[in-house]
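A short write-up of the structure that comes next.
2 protein chains.
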Amino acid sequence: MNNATTPITETDLIPLARSMGEALAKAGLLAATAESCTGGLVGHLITEIPGSSVWFVGCAGVYSNAAKERLLGVQHAMLLAYGAVSAEVAQQMAQGALPLYGADVAVAITGIAGPGGGTAEKPSGLVHLHLSATDGTERAERVVWTSDRRGNKLLSAQLALQMLLEFGVLS
Amino acid sequence: MNNATTPITETDLIPLARSMGEALAKAGLLAATAESCTGGLVGHLITEIPGSSVWFVGCAGVYSNAAKERLLGVQHAMLLAYGAVSAEVAQQMAQGALPLYGADVAVAITGIAGPGGGTAEKPSGLVHLHLSATDGTERAERVVWTSDRRGNKLLSAQLALQMLLEFGVLS
Numbered sequence: 017m018n019n020a021t022t023p024i025t026e027t028d029l030i031p032l033a034r035s036m037g038e039a040l041a042k043a044g045l046l047a048a049t050a051e052s053c054t055g056g057l058v059g060h061l062i063t064e065i066p067g068s069s070v071w072f073v074g075c076a077g078v079y080s081n082a083a084k085e086r087l088l089g090v091q092h093a094m095l096l097a098y099g100a101v102s103a104e105v106a107q108q109m110a111q112g113a114l115p116l117y118g119a120d121v122a123v124a125i126t127g128i129a130g131p132g133g134g135t136a137e138k139p140s141g142l143v144h145l146h147l148s149a150t151d152g153t154e155r156a157e158r159v160v161w162t163s164d165r166r167g168n169k170l171l172s173a174q175l176a177l178q179m180l181l182e183f184g185v186l187s
Numbered sequence: 017m018n019n020a021t022t023p024i025t026e027t028d029l030i031p032l033a034r035s036m037g038e039a040l041a042k043a044g045l046l047a048a049t050a051e052s053c054t055g056g057l058v059g060h061l062i063t064e065i066p067g068s069s070v071w072f073v074g075c076a077g078v079y080s081n082a083a084k085e086r087l088l089g090v091q092h093a094m095l096l097a098y099g100a101v102s103a104e105v106a107q108q109m110a111q112g113a114l115p116l117y118g119a120d121v122a123v124a125i126t127g128i129a130g131p132g133g134g135t136a137e138k139p140s141g142l143v144h145l146h147l148s149a150t151d152g153t154e155r156a157e158r159v160v161w162t163s164d165r166r167g168n169k170l171l172s173a174q175l176a177l178q179m180l181l182e183f184g185v186l187s
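Protein sequence lines, in the order shown, are assigned to chains A and B. Quick note on our numbering: the first sequence kicks off at 17 and runs consecutively. Quick note on our numbering: the second sequence kicks off at 17 and runs consecutively.
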């Protein structure tokens with residue numbers, strides 16, 4: 017899925033958002049998102065589908081560390097120990113979104129969209145995603161995209177939608 | 017700006033998002049959004065600009081009434097009296113986003129993106145936007161777009177970005 021130029025657009029992801037919504041609706045599930053590097057993109061895509069209020073309650077866009085703590089209950093010590101872009105913080109974001117929205121399933125996205133901001137240990141394009149559900153499901157994904165900022169955000173959104181779709185289909 | 021077909025795309029709005037960010041950064045202001053019908057689109061557009069964490073703290077995507085109450089402190093009585101798509105609720109959403117994010121300025125968007133969901137009193141395409149700032153600024157906008165769902169969301173996002181830009185330039 018990686019590509020040096022922006023590989024997809026928002027409209028390319030609408031069929032996936034529709035399939036995801038149909039799967040969640042069929043399973044009677046309510047979803048929420050917790051978005052750092054995607055900034056609200058996943059929520060935007062989910063709500064492109066008419067009737068999405070049946071399966072979607074909202075996205076917590078948390079661009080600052082303070083917002084991650086205040087809205088989602090991410091622990092300050094976790095941010096200090098692991099950094100905002102980490103599997104640990106992604107998990108806390110997803111777990112925090114469940115009670116915040118009263119959702120059955122939540123997916124969190126935190127990463128370095130680029131082009132700057134990367135380090136040797138955490139390169140530009142690194143994104144951690146985490147899905148948590150009230151049935152106890154936990155799924156973590158770590159990816160390093162090699163697209164531009166726009167592409168990295170879109171690829172992250174695509175994976176988030178796929179994770180929700182797969183959870184819905186299996187539920 | 018209205019058009020029966022989708023008049024603009026996400027990428028068309030990136031220059032406006034960049035100008036807005038430059039204006040807020042110059043004024044030393046932190047912005048947040050509270051998004052119902054746009055679902056996170058404004059946050060997505062703002063974060064398309066590298067370095068946007070300097071002027072943007074996050075978007076509260078509140079697609080359900082319960083989320084509007086829980087995250088933003090919108091009063092249950094207001095939702096019952098005026099409905100989620102109203103000037104009163106838009107104002108409470110913007111005012112609630114300021115302390116939630118520790119922002120200097122917040123813009124809220126609540127509307128009926130369509131194609132369904134409209135009534136004679138509140139037609140499909142009706143959107144209320146409200147900007148509140150910690151300096152006491154309040155600005156309300158009521159629009160009725162005549163595009164499709166996607167276009168209505170994009171036109172709403174464009175107006176939200178313009179409101180933030182104008183506030184930043186005047187600050």
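Here a beta-carbon is modelled for each residue, glycine too, at the ideal position from N, C-alpha and C.
In the DSSP assignment, the residues bridged to phenylalanine 72 (chain A) are A:Ala47. Taking a 10 Å sphere around the C-beta of threonine 135 (chain B), we find fewer than 16 other C-beta atoms and assign the residue as exposed. Collapsing the DSSP output to three states places glutamate 137 (chain B) in coil. Secondary structure at serine 148 (chain A): strand, using DSSP grouped into helix, strand and coil. Pairing glycine 55 (chain A) with cysteine 75 (chain B) gives a Cβ-Cβ distance under 8 Å. The C-alpha of aspartate 164 (chain A) is placed about 16 Å away from the C-alpha of leucine 57 (chain A). Any Cβ of chain A closer than 8 Å to the Cβ of isoleucine 125 (chain B) would place that residue at the interface, and such an atom is absent. Around the beta carbon of aspartate 28 (chain A), fewer than 16 other beta carbons lie within 10 angstroms, which makes this residue exposed. In this structure the region 98-111 of chain A does not lie against the region 61-74 of chain A, because fewer than three pairs of beta carbons, one per stretch, are closer than 8 Å. Excluding its 5 nearest sequence neighbours in each direction, threonine 25 (chain B) has C-beta neighbours in its own chain below 8 Å: Leu170, listed in chain order. In this structure, the beta-carbon distance from glycine 112 (chain B) to alanine 50 (chain B) falls below 8 Å. In the DSSP assignment, threonine 54 (chain B) is bridged to no other residue. Each residue's CA atom was taken as its position, placing proline 139 (chain B) and threonine 126 (chain B) some 13 Å apart.
Under the 8 Å criterion on CB atoms, valine 105 (chain A) is classed as non-interfacial with respect to chain B.
The Cβ of alanine 93 (chain A) sits no closer than 8 Å to any Cβ of chain B.
According to DSSP, residue pairing for leucine 142 (chain A) in a beta bridge involves A:Val160.
Contact between histidine 146 (chain A) and methionine 109 (chain A) holds: CB atoms are separated by about 7 Å, below the 8 Å threshold. Look at the region 52-70 of chain B: the residues with a C-beta under 9 Å from a C-beta of chain A are Ser52, Cys53, Thr54, Gly55, Gly56, Leu57, Val58, Gly59, His60, Leu61, Ile62, Thr63, Glu64, Ile65, Pro66, Gly67, Ser68 and Ser69. If you check each beta-carbon in the region 25-38 of chain B against every beta-carbon of chain A, the ones closer than 9 Å belong to Thr25, Glu26, Thr27 and Ile30. Scanning its chain for C-beta atoms nearer than 6 Å, with the 5 sequence neighbours on each side dropped, one finds around alanine 156 (chain B) the residues Ala103 and His146, in chain order.
Non-local C-beta neighbours of valine 159 (chain B) in its own chain, meaning closer than 7 Å and more than five positions away in sequence, comprise Val143 and Leu175, ordered along the chain. Looking from the CA of serine 80 (chain B), the closest CA among A:Val70, A:Leu87 and A:Gly152 belongs to A:Val70. Residue environment for threonine 153 (chain A): exposed (fewer than 16 other C-beta atoms within 10 angstroms of its C-beta). Contact between threonine 150 (chain A) and leucine 181 (chain A) does not hold, since the beta-carbon distance rounds to 18 Å and is not under 8 Å. Using beta-carbon distances, leucine 145 (chain A) does not count as an interface residue toward chain B, since no partner is under 8 Å.
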